[in-house]
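Anchor point for the sequence shown: position 65 equals 65 in the numbering used here, and the numbering is continuous, going up by one each time. Ideal placement from N, C-alpha and C gives every residue a C-beta, glycine not left out. Just so it is clear, the structure is predicted and the values come from calculations on it, not from any experiment. Shown next, in structure tokens, is the structure this report addresses.
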Amino acid sequence: MKTDVATQAYEYIKHRILTFQLSPGVKISDEEIAQHLGSSRTPVREALQRLAEQGLVEARPHRGFVVKVFNRHEVRDHYVLRECLESLAVRLAARNADEQTLRALRDLLETYPALMEDQDLVRFNDADERFHDRIALASGNQVLYQTLRQLQGKIRIIRRYDHLRSSSFQETYEEHREILEALVKRQGGRARRAMSRHILNSMKVVMKLLPE
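Structure (structure tokens):
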């Protein structure tokens, strides 16, 4: 029973982090979460420890657990890795993606204008994440796909800095359209270059927003 509550606490806290209800550096109160879930603090602490192992929260002396704050070095490292992996994924997807996947990507892009108009950060991030996830899956390489899935939570938190700018919505939309066009035409090299530019452009913006 305790394990079930720990899993529930894990999912609850993770959801709040990934939907930006808990911002980087914010202290997570195990007492408040335990009260919300109607449980003791022990399974909540288990959940926080699991999230710490995944790099989404960190334990700080005299403060307890806080949402992970990424420094400039960590952000750069994540973007460099992401650029390498996703550039490979999209090149493979240009060869392996079926027509159903391409239609799904097209349909997803058609939802972007309404999300941009509403300035809906959470739903736009969801759509952005699904776009990249579908491409990774379409690569046909399960090890590559699972590796990117494991990075997803951290990447989502970091990407939040980019999407804090309203202009980044339009930039993302245009860059995703370019990637999709290359995929539809089965142009692997062009798709790889478009994905690389997309991710590195995001990195440059985020690095400018982070303190030295």
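Would you mind stating whether ILE155 and ARG72 have Cβ atoms separated by less than 8 Å? Taking 8 Å as the Cβ cut-off, ILE155 and ARG72 do not qualify as a contacting pair.
LEU48 classed as buried or exposed, judged by whether at least 16 other C-beta atoms fall within 10 angstroms: Per the 10 Å Cβ criterion, buried.
MET195 and VAL90 - do their beta-carbons sit closer together than 8 Å? A contact, by the Cβ cut-off of 8 Å.
TYR112 and LEU127 - do their beta-carbons sit closer together than 8 Å? As written in the sequence, residue 127 is Ala, which differs from the Leu given in the question. Their beta carbons are under 8 Å apart, which means ALA127 touches TYR112 by this criterion.
Roughly how many whole angstroms lie between the Cα atoms of HIS62 and SER40? Here the alpha carbons of SER40 and HIS62 stand approximately 21 Å from one another.
Environment of GLU86 [buried if 16+ CB atoms lie within 10 Å]: Buried: at least 16 other Cβ atoms inside 10 Å.
Nearest to SER23 (by Cα), restricted to the options VAL67, PRO43, GLU53: If you compare the alpha carbons of VAL67, PRO43, GLU53 with that of SER23, the shortest gap goes to VAL67.
On the three-state DSSP scale, how would you describe VAL80? In the structure shown, VAL80 falls within a helical segment according to DSSP collapsed to helix, strand and coil.
Please report the residue range of the alpha helix (DSSP H) in which VAL205 lies. Segment 188 to 209, the alpha helix (DSSP H) holding VAL205.
Can you tell me which of SER139, ASP120, LYS27 puts its alpha carbon nearest to the alpha carbon of THR19? The shortest C-alpha to C-alpha distance from THR19 to any of SER139, ASP120, LYS27 is the one to ASP120.
Cβ neighbour criterion (16 or more within 10 Å) applied to PRO43: Buried.
In three-state terms, what does DSSP make of GLU58? Of the three classes helix, strand and coil, the one that applies to GLU58 here is strand, per DSSP.
Bridge partner(s) assigned by DSSP for PHE65: According to DSSP, PHE65 bridges with ALA59.
Between which two residues does the alpha helix (DSSP H) containing GLU31 stretch? It spans 30 to 37 - the alpha helix (DSSP H) in which GLU31 sits, taken as one unbroken run.
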